[in-house]
Amino acid sequence: MTDSRPPLWLLAELTYRCPLQCPYCSNPLDMAGIDAELDTESWCRVMAEARRLGAAQLGFSGGEPLLRPDLETLVAEGRRLGYYTNLITSAVGMNSARVAALREAGLDHIQISFQASSAELNNALAGSDKAFAQKCAMAAEVKRQGYPMVLNFVIHRHNIDQLAQMLELATALQADYVELANAQFYGWALHNREQLLPSRAQLQRAEATARAYREKLGKKMQIIFVVPDYYEKRPKACMNGWGSIFLTIAPDGTALPCHSAAVLPIDFPNVKQHSIEYIWQHSPGFNHFRGNQWMREPCRSCPEQAQDFGGCRCQAYLLTGEAANADPVCDKSPHHRQIVDIIAASQSGQSCRHDLLLRNMRNSRALLRGRPGS
Amino acid sequence: MPAIRRQFRLQWEDAQNCFVLLYPEGMVKLNDSAGEILSRCDGHSNVGAIVEELARRFPEAENIEADIHEFLADAYDRGWFEEKGWCEEKGRCEHD
Ligand code: SF4
Ligand code: SF4
């Protein structure tokens with residue numbers, strides 16, 4: 001099967017290197033085993049080929065994309081090709097000269113991630129003493145230089161009770177949008193799930209706070225609140241359908257239908273061997289879960305399959321062992337019990353921040369060593 | 375005079391064969407008439423001039439003035455325009 005719809009989104013994960021150590025990072029646990037990064041020329045070719053197919057949004061992320069000295073070159077090329085260019089950064093490694101150079105290169109928007117609204121908690125979660133002050137200074141600089149700015153807070157049980165303070169901070173920093181996105185359980189977040197999943201009471205309080213601020217601020221600042229899908233009865237329409245609009249390129253050139261898909265037992269193509277056109281339209285990896293022929297029950301005969309496409313393939317694989325199963329978040333899934341049990345266990349409120357495994361290369365190597373056969 | 379907000383970019387896309395509005399991490403595909411109207415919201419033409427020009431270009435279109443006002447009010451509600459000097463009141467669109 002081939003697909004003639006164009007990809008709309010190209011996410012360029014430039015590197016897995018990062019000065020921070022967020023325990024909910026969506027990067028793969030085995031990132032220490034992946035080292036060779038694509039060079040400037042290859043990224044330029046990838047951007048040009050994806051743009052020819054129709055991609056219009058371009059995100060630079062990682063890891064920390066600022067660690068790439070060629071970031072300005074890549075932004076300039078992306079902008080020249082006609083992309084709307086987004087930088088997704090921790091702001092660590094940023095300074096006013098670089099903000100200006102990126103502006104000069106044509107960068108359209110900057111998203112800065114925060115770990116919390118206070119220096120103490122932010123820095124503990126990021127595993128860095130200086131991160132919070134740096135983020136605040138750079139957010140102010142980004143606005144001063146006239147960019148639209150999104151602030152992103154990944155939410156979990158250790159910071160969800162400070163939602164109001166986060167929104168105050170975002171207001172003070174004049175964010176145009178603020179994303180309060182509950183951790184999604186992939187990569188490091190899945191490993192740390194027990195310590196991250198908020199309780200139902202926490203979630204309800206947070207939703208009420210987000211609603212109150214939305215009313216108060218109106219159009220001045222858009223507030224996007226993403227609930228953890230574990231608390232839903234239906235799965236998210238993951239990636240708007242497999243291979244439908246998203247194209248992610250991992251640091252080593254592996255092309256993926258979403259940034260978590262590397263965990264699946266599927267052989268994904270690499271841009272070093274193939275063109276983006278082949279990858280998007282013809283590669284077995286990208287056609288694997290297109291359409292609905294792959295579905296099993298209960299999805300196969302379900303009237304809702306056009307709404308959620310059976311949910312997330314990675315979540316189905318990670319929690320049920322079979323990627324073609326229904327996403328177990330769905331209460332029609334025979335595996336839904338697992339989710340119910342995890343939620344029940346998270347209501348007690350007992351869990352310690354110090355049990356979180358930090359995301360860094362040392363811990364990644366230890367996990368690699370501890371896993372038989374890898 | 376309506377002007378598209380600075381963080382948005384209106385652009386013609388060959389692959390989609392339509393105008394799209396791009397903004398931080400998102401994109402809206404515009405139908406033909408939305409594209410025709412928005413591509414004239416450059417901060418230099420008032421609503422009257424936009425209506426006049428489009429009426430001249432599409433003489434067969436009925437109710438074009440009402441349609442344009444309705445679209446602009448809706449676009450304003452979605453936050454696509456700079457606030458100043460434009461549609462101060464939600465859902466109303468009578469400023470030029
Ligand atoms: S989530 Fe944290 S650790 Fe992961 S790439 Fe972003 S800043 Fe780095
Ligand atoms: S059974 Fe499958 S298709 Fe139906 S709602 Fe659940 S996940 Fe979606």
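Read top to bottom, the protein sequences are chains A and B.
When the count follows my numbering, it moves up by one through the first sequence with no breaks and lands on 374 for the last residue.
When the count follows my numbering, it moves up by one through the second sequence with no breaks and lands on 470 for the last residue.
Glycine residues also receive a C-beta, built at the ideal position from the N, C-alpha and C atoms.
Please read these numbers as outputs of a predicted model, since none were measured by experiment.
Taking the beta carbon of residue i as the centre, do at least 16 other beta carbons fall within 10 Å, making it buried, or is it exposed?
{"i": "HIS191(A)", "result": "buried"}
{"i": "ASP176(A)", "result": "buried"}
{"i": "CYS352(A)", "result": "exposed"}
{"i": "ASN152(A)", "result": "buried"}
{"i": "GLY218(A)", "result": "exposed"}
{"i": "GLY370(A)", "result": "exposed"}
{"i": "GLY63(A)", "result": "buried"}
{"i": "GLN293(A)", "result": "exposed"}
{"i": "ASP451(B)", "result": "exposed"}
{"i": "SER61(A)", "result": "buried"}
{"i": "HIS418(B)", "result": "exposed"}
{"i": "ALA215(A)", "result": "Residue 215(A) is actually Glu in this sequence, not Ala. Its Cβ having fewer than 16 others within 10 Å, GLU215(A) is exposed."}
{"i": "MET1(A)", "result": "Because MET1(A) carries a pLDDT of 49, less than 50, the predicted location of this residue cannot be relied on, and no value is offered for it."}
{"i": "TRP386(B)", "result": "exposed"}
{"i": "PRO28(A)", "result": "buried"}
{"i": "SER301(A)", "result": "exposed"}
{"i": "ASN122(A)", "result": "buried"}
{"i": "GLY321(A)", "result": "exposed"}
I think residue i touches residue j, with their Cβ atoms under 8 Å apart; what is that distance to the nearest whole Å?
{"i": "GLY435(A)", "j": "ARG144(A)", "result": "Any question about residue 435(A) goes unanswered here, given that chain A covers just 1 to 374."}
{"i": "MET221(A)", "j": "VAL178(A)", "result": "6 Å"}
{"i": "SER117(A)", "j": "GLN195(A)", "result": "No, SER117(A) and GLN195(A) are not in contact; Cβ-Cβ is about 19 Å, not under 8 Å."}
{"i": "PHE246(A)", "j": "PRO7(A)", "result": "7 Å"}
{"i": "ASN325(A)", "j": "ARG296(A)", "result": "6 Å"}
{"i": "VAL425(B)", "j": "GLU439(B)", "result": "5 Å"}
Hey, is residue i's beta-carbon within less than 7 Å of any beta-carbon in chain C?
{"i": "ALA389(B)", "result": "Included in the structure are the protein chains A and B, with no chain C among them."}
Report the neighbours of residue i on chain A: residues whose CB is nearer than 9 Å to its CB, in chain order.
{"i": "LEU396(B)", "result": "ALA56, GLN57, TYR83, TYR84, ASP108"}
{"i": "GLY453(B)", "result": "LYS219, GLN222"}
{"i": "MET375(B)", "result": "The premise fails here: MET375(B) is roughly 19 Å from chain A at the closest Cβ pair, so nothing lies under 9 Å."}
{"i": "ARG383(B)", "result": "TYR84, ASP108"}
Do residue j and residue i count as a contact pair if the criterion is CB distance below 7 Å?
{"i": "SER26(A)", "j": "GLY187(A)", "result": "yes"}
{"i": "ARG17(A)", "j": "LEU71(A)", "result": "no"}
{"i": "LEU87(A)", "j": "ILE110(A)", "result": "yes"}
{"i": "PRO198(A)", "j": "ILE160(A)", "result": "yes"}
{"i": "GLN21(A)", "j": "ALA91(A)", "result": "no"}
{"i": "GLU456(B)", "j": "ARG379(B)", "result": "yes"}
{"i": "PRO235(A)", "j": "ASP327(A)", "result": "yes"}
{"i": "THR89(A)", "j": "ASP108(A)", "result": "no"}
{"i": "PRO265(A)", "j": "ALA255(A)", "result": "no"}
{"i": "PRO298(A)", "j": "LYS272(A)", "result": "no"}
{"i": "VAL154(A)", "j": "ALA181(A)", "result": "yes"}
{"i": "ALA32(A)", "j": "MET361(A)", "result": "yes"}
{"i": "ALA50(A)", "j": "MET401(B)", "result": "no"}
{"i": "GLY243(A)", "j": "PHE286(A)", "result": "yes"}
{"i": "PRO251(A)", "j": "THR15(A)", "result": "yes"}
{"i": "GLN381(B)", "j": "PRO23(A)", "result": "no"}
{"i": "VAL99(A)", "j": "VAL142(A)", "result": "yes"}
{"i": "LEU11(A)", "j": "THR248(A)", "result": "yes"}
Less than 6 Å separating the Cβ of residue i from some heavy atom of ligand 4?
{"i": "ASP229(A)", "result": "Summarising the ligand content, the structure contains ligand 1 and ligand 2 and does not contain ligand 4."}
Could you work out which residues of chain A lie near residue i, taking near to mean beta carbons separated by less than 8 Å?
{"i": "GLU456(B)", "result": "Those do not exist, as GLU456(B) stays about 11 Å from chain A at its closest Cβ, beyond 8 Å."}
{"i": "GLU399(B)", "result": "GLN57, GLY59, ASN86, HIS109, GLN111, VAL150"}
Helix, strand or coil: how does DSSP classify residue i here?
{"i": "TYR230(A)", "result": "helix"}
{"i": "HIS109(A)", "result": "strand"}
{"i": "MET47(A)", "result": "helix"}
{"i": "CYS467(B)", "result": "Model confidence at CYS467(B) stands at a pLDDT of 47, short of 50, so the residue's coordinates are unreliable; what they give is reported in the following sentence. CYS467(B): coil per DSSP, three-state reduction."}
{"i": "PHE289(A)", "result": "coil"}
{"i": "LEU446(B)", "result": "helix"}
{"i": "MET1(A)", "result": "In this prediction, MET1(A) has a pLDDT of 49, which is less than 50 and means its spatial position is unreliable; what the coordinates show is noted afterwards. MET1(A): coil per DSSP, three-state reduction."}
{"i": "GLN184(A)", "result": "coil"}
{"i": "GLY373(A)", "result": "The pLDDT assigned to GLY373(A) is 35, lower than 50, so where the model puts this residue is not dependable, and the model offers no usable value."}
{"i": "ASP416(B)", "result": "strand"}
{"i": "GLN222(A)", "result": "strand"}
{"i": "TRP9(A)", "result": "strand"}
{"i": "ASN240(A)", "result": "helix"}
So which residues on chain B does residue i lean against when the C-beta distance must stay under 8 Å?
{"i": "PRO6(A)", "result": "ALA389, GLN390"}
{"i": "LEU102(A)", "result": "Under the 8 Å cutoff, chain B gives no residues; its nearest Cβ is about 15 Å from LEU102(A)."}
{"i": "TYR177(A)", "result": "PRO398"}
{"i": "LEU11(A)", "result": "Near LEU11(A) there are no residues of chain B at all, since even the closest Cβ is about 10 Å away, more than 8 Å."}
What does residue i touch in chain B if you count any residue whose Cβ is under 9 Å from its own?
{"i": "LEU53(A)", "result": "ALA389"}
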